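Participant:
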Amino acid sequence: MSDQRIDVSDLAIDRLVTKCVNFIDQHVKELRFAVCGLGIVGLGITVRSLRIFGRFDKVEKIPKEFFRKNVSLDGIVRDVDLDGGILLVEHVPIVSLFGAKPTDPMLRVRLSGVRVSATGSQWLKTTTCNNRVRFALLTSNANREAESIVTSTEASREPRRTTDQ
Numbered sequence: 261m262s263d264q265r266i267d268v269s270d271l272a273i274d275r276l277v278t279k280c281v282n283f284i285d286q287h288v289k290e291l292r293f294a295v296c297g298l299g300i301v302g303l304g305i306t307v308r309s310l311r312i313f314g315r316f317d318k319v320e321k322i323p324k325e326f327f328r329k330n331v332s333l334d335g336i337v338r339d340v341d342l343d344g345g346i347l348l349v350e351h352v353p354i355v356s357l358f359g360a361k362p363t364d365p366m367l368r369v370r371l372s373g374v375r376v377s378a379t380g381s382q383w384l385k386t387t388t389c390n391n392r393v394r395f396a397l398l399t400s401n402a403n404r405e406a407e408s409i410v411t412s413t414e415a416s417r418e419p420r421r422t423t424d425q
């Protein structure tokens, strides 16, 4: 008696598998499109979460997670605030699609751990304006500034000094 139940259930499973295989065979194109569509949607969600197209013009718009992970962003120094040596940086996204226009206002980037004098601010202005920089985000302060470690990604405009002089 129990052997018959096993045989009946085996037949039901065989019929179910056969129906599934037949369905798949008859709808191969639709299933391929569905898988490709899901892949494209997943890729879109991933790209959006990475913010590779995002351009930040205010420190408040930078996700807190970027500060926690000390993410490095690229930008172009457009000006230097002479009161405190704050760099005004135009953020350059990882991928720029349509001829990006300059943003206004600029990100306010403070050099972390450095107190900049008026002379230092003037020097920063002459050496960094219109140069590309990379700034590693450390924290944001109450003045809506990003405290960062800033490095230049371009060669300095100052001539090299040799030891012969």
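The sequence shown lines up with residues 261 to 425 when you count with the numbering used here.
No residue lacks a Cβ here, since even glycine has one placed at the ideal position from N, Cα and C.
Please read all numbers here as calculations on a predicted model, not as lab measurements.
I want to know whether the region 279 to 293 touches the region 308 to 316 - three or more CB-CB distances under 8 Å.
Facilitator: no
Participant: For the region 378 to 392 and the region 335 to 343, state whether three or more C-beta atom pairs, one from each stretch, are separated by less than 8 Å.
Facilitator: Under the 8 Å Cβ criterion, the region 378 to 392 counts as touching the region 335 to 343, having at least three qualifying pairs.
Participant: Using three-state DSSP, classify Ile284 as helix, strand or coil.
Facilitator: DSSP places Ile284 in helix when its eight states are reduced to three.
Participant: Provide the residue(s) that pair with Arg292 in DSSP beta bridges, ordered along the chain.
Facilitator: According to DSSP, Arg292 bridges with nothing at all.
Participant: Would you report the Cα separation of Val376 and Pro365, rounded to the nearest angstrom?
Facilitator: 22 Å
Participant: Would you grab the beta carbon distance between Arg370 and Glu407 for me? Rounded to a whole angstrom, and I think it's under 8 Å.
Facilitator: 5 Å
Participant: Going by C-alpha to C-alpha distance, which of Lys329, Ile346, Gly304 sits closest to Thr399?
Facilitator: Lys329
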